[in-house]
Amino acid sequence: MPIGYLINVLEELKYAGYNTNRLRQKKLLGENTIQALREGRMISMKSLATICQLLDRQPGDVIFFYKED
Numbered sequence: 009m010p011i012g013y014l015i016n017v018l019e020e021l022k023y024a025g026y027n028t029n030r031l032r033q034k035k036l037l038g039e040n041t042i043q044a045l046r047e048g049r050m051i052s053m054k055s056l057a058t059i060c061q062l063l064d065r066q067p068g069d070v071i072f073f074y075k076e077d
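See the structure below:
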């Protein structure tokens, strides 16, 4: 898929005080989403919105589009 991440989302969340245990316990992000972030796969728009809210960023600060040849 021609979409990638500009930042290491899980590291940024951890820096902001949201480690994976806290994300799961507070039901902010599910295990499938956390695993997708680890593997660099795309996540849902709802999960992206949650991440943007937690990090106080815009979607363009988190993901980018690139053209495939």
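9 is the number of the first residue of the sequence shown in the numbering used here; add one for each residue after it.
Glycine included, every Cβ here is placed at the ideal spot set by N, Cα and C.
All of these numbers come straight from a predicted model, not from anything done at the bench.
Rounded to the nearest whole angstrom, the C-alpha separation of Ile15 and Leu63 is 11 Å. If you draw a straight line from the Cα of Ala57 to the Cα of Lys75, it is about 24 Å long. Membership of Ile11 in any alpha helix (DSSP H) is not indicated; the residue belongs instead to the beta strand (DSSP E) covering 11 to 13. Here the segment 64 to 74 does not lie against the segment 29 to 40, with fewer than 3 beta-carbon pairs under 8 Å apart.
Beta-bridge partners of Ile71 (DSSP): Tyr13.
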